[in-house]
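Student:
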Amino acid sequence: MSETELSDAVTSGTGAPSVVAVIGAPGSGKSTVGPLLAARLGRRFVDVDTVIEEAEGRPISDIFVTDGEPCFRELETRHTLAELAAGGVVSLGGGAPATPVVGEALTRVCVVWLEVSARTASGRVGLNDATRPLLMGNVHSRMVRLMAERRPVYAAPADIHIVTDRLRPDQIVEEICTRLAELSGPSPAV
Ligand SMILES: Nc1ncnc2c1ncn2[C@@H]1O[C@H](COP(=O)(O)OP(=O)(O)OP(=O)(O)O)[C@@H](O)[C@H]1O
Ligand SMILES: O=C(O)C1=C[C@@H](O)[C@@H](O)[C@H](O)C1
Ligand SMILES: [Mg+2]
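Heads up: the sequence shown begins at 94 in this note's numbering, then just goes up one per residue.
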């Protein structure tokens with residue numbers, strides 16, 4: 094989002110942007126921080142991974158195993174674009190920003206990138222987490238590779254970038270709100 098567009102969005106309505114997309118690697122805290130941020134901003138919250146599982150009636154790991162990753166990415170793209178259009182705080186799947194049409198959509202909304210080190214993320218998601226199919230096997234080495242590949246697609250659309258390793262979820266929300274207020278600039282004099 095350009096600085097002017099972002100400033101307009103931030104200063105309209107309730108003072109928060111109408112769409113805040115939360116992106117980051119698996120274990121960065123998107124599903125944890127997203128609802129707290131939404132509650133703080135008085136916005137609806139949606140987690141696109143949950144939307145997909147509810148729409149499909151099965152876990153994401155089943156979609157990967159039964160239909161394959163390309164099929165999952167198609168579902169993910171469709172639901173991500175719909176949820177961004179619906180507004181509020183939207184936590185994306187970890188890989189969604191790597192799909193070009195999603196990356197392009199992210200340039201038009203306010204994007205919060207939660208960064209985390211591979212070491213911290215591996216510790217958070219556990220050593221062999223069957224609910225995260227791309228991390229099956231050696232979680233830490235897969236995480237290192239995934240993060241190296243994805244760093245540019247997370248960084249490109251990010252309006253707010255927070256390194257989360259040493260912050261609690263409530264501190265992250267506080268920091269995001271501070272940064273949103275800074276982006277909105279001073280209130281006009283009355
Ligand atoms: N700032 C934090 N400090 C400590 N633990 C955290 C923090 N953020 C998240 N966690 C914990 O890390 C784990 C992963 O967090 P979460 O599920 O929110 O990540 P995610 O970004 O949604 O991952 P995924 O892309 O796989 O959905 C959870 O157990 C959560 O409680
Ligand atoms: O990093 C990824 O590519 C993924 C992260 C999760 O949020 C899920 O969207 C899915 O497991 C794929
Ligand atoms: Mg999540």
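Yeah, the Cβ is synthetic: ideal placement off N, Cα and C, and Gly gets one too.
Between the Cα of leucine 185 and those of Val237, Val113, Val141, Arg235, spot the shortest distance and give me the residue it belongs to.
Tutor: Taking the first residue of the sequence shown as 1, we reach residue 185 at position 92. Out of Val237, Val113, Val141, Arg235, Val141 has the C-alpha closest to the C-alpha of leucine 185.
Student: Taking contact to mean 3 or more Cβ pairs, one atom from each stretch, closer than 8 angstroms, check whether the stretch 173-184 and the stretch 212-221 are in contact.
Tutor: With the cut-off at 8 angstroms, the stretch 173-184 and the stretch 212-221 do not touch.
Student: Does the stretch 111-126 come close enough to the stretch 199-215 that 3 or more CB-CB pairs lie under 8 angstroms?
Tutor: A contact exists between the stretch 199-215 and the stretch 111-126.
Student: Would you mind reading off the limits of the beta strand (DSSP E) that contains alanine 114?
Tutor: Locating residue 114 in the sequence shown gives position 21, counting from the first residue. Taken as a continuous stretch (DSSP letters only), the beta strand (DSSP E) holding alanine 114 covers 112-117.
Student: For threonine 125, which residues of its own chain have a beta-carbon under 7 angstroms away from its beta-carbon, when the five flanking residues on both sides are left out?
Tutor: Mapped onto the sequence shown, residue 125 falls at position 32. The residues are Pro262.
Student: Whose C-alpha, out of Ala198, Val237, Arg151, is nearest the C-alpha of alanine 251?
Tutor: Translated into the one-based positions of the sequence shown, residue 251 becomes position 158. Residue Ala198 is the option with its Cα nearest to alanine 251.
Student: May I ask whether a heavy atom of ligand 3 can be found less than 7 angstroms away from the beta carbon of serine 234?
Tutor: Position 141 of the sequence shown holds residue 234. No.
Student: Do you know whose CA, among Gly127, Pro226, Leu260, Arg136, lies nearest proline 152's CA?
Tutor: To locate residue 152, count along the sequence shown from 1; it is residue 59. Per the Cα distances, Pro226.
Student: By a C-beta neighbour count over all protein chains shown, 10 Å radius and 16 as the cutoff for buried, is proline 110 buried or exposed?
Tutor: If you number the sequence shown from 1, residue 110 lands on position 17. With 16 or more Cβ atoms within 10 Å of its Cβ, proline 110 is classed as buried.
Student: Going by beta carbon distance, what residues of the same chain come within less than 7 angstroms of valine 288, once the five residues before and after it are set aside?
Tutor: Look at the range of the chain in this structure, 94 to 283, and you will see that residue 288 is not part of it.
Student: Pull up the DSSP beta-bridge partners for phenylalanine 138, would you.
Tutor: Working through the sequence shown from its first residue, we reach residue 138 at position 45. DSSP output for phenylalanine 138 lists Val182 as bridge partner(s).
Student: Looking only at its own chain, which residues have a Cβ that is under 6 angstroms from the Cβ of phenylalanine 165, when we skip the five neighbours before and after it?
Tutor: Translated into positions along the sequence shown, residue 165 becomes position 72. Once the five neighbours on either side are set aside, the close Cβ partners of phenylalanine 165 are Ile156, Phe157.
Student: Can you have a look at threonine 257 and say buried or exposed, based on whether 16 or more other CB atoms are within 10 angstroms of its CB?
Tutor: Here residue 257 refers to the residue found at position 164 of the sequence shown. Buried.
Student: For serine 234, I'd like the list of residues in its chain whose CB is within less than 8 angstroms of its CB, leaving aside the five on either flank, ordered along the chain.
Tutor: Taking the first residue of the sequence shown as 1, we reach residue 234 at position 141. If we look at serine 234 and ignore the five residues flanking it on each side, it has no Cβ neighbours.
Student: For proline 190, count neighbouring Cβ atoms within 10 angstroms of its own Cβ and tell me buried if that reaches 16, exposed if not.
Tutor: On the sequence shown, residue 190 is found 97 positions in, with the first residue counted as 1. Proline 190 comes out buried.
Student: Please state the DSSP three-state secondary structure of valine 202.
Tutor: Position 109 of the sequence shown holds residue 202. Valine 202 falls in the coil class under three-state DSSP.
Student: Do you know how far the Cα of isoleucine 269 is from the Cα of arginine 136?
Tutor: What you label residue 136 is simply residue 43 of the sequence shown in a count that begins at 1. What you label residue 269 is simply residue 176 of the sequence shown in a count that begins at 1. Taking the straight line from one Cα to the other gives about 14 angstroms.
Student: Indicate whether at least one CB of chain B lies closer than 8 angstroms to the CB of isoleucine 156.
Tutor: Annotation note: the requested chain B is absent from the structure, which comprises a single protein chain.
Student: Taking 7 angstroms as the cut-off, is the C-beta of glutamate 169 nearer than that to any heavy atom in ligand 2?
Tutor: Walking along the sequence shown from the start, residue 169 turns up at place 76. At least one heavy atom of ligand 2 is nearer than 7 angstroms to the Cβ of glutamate 169, so yes.
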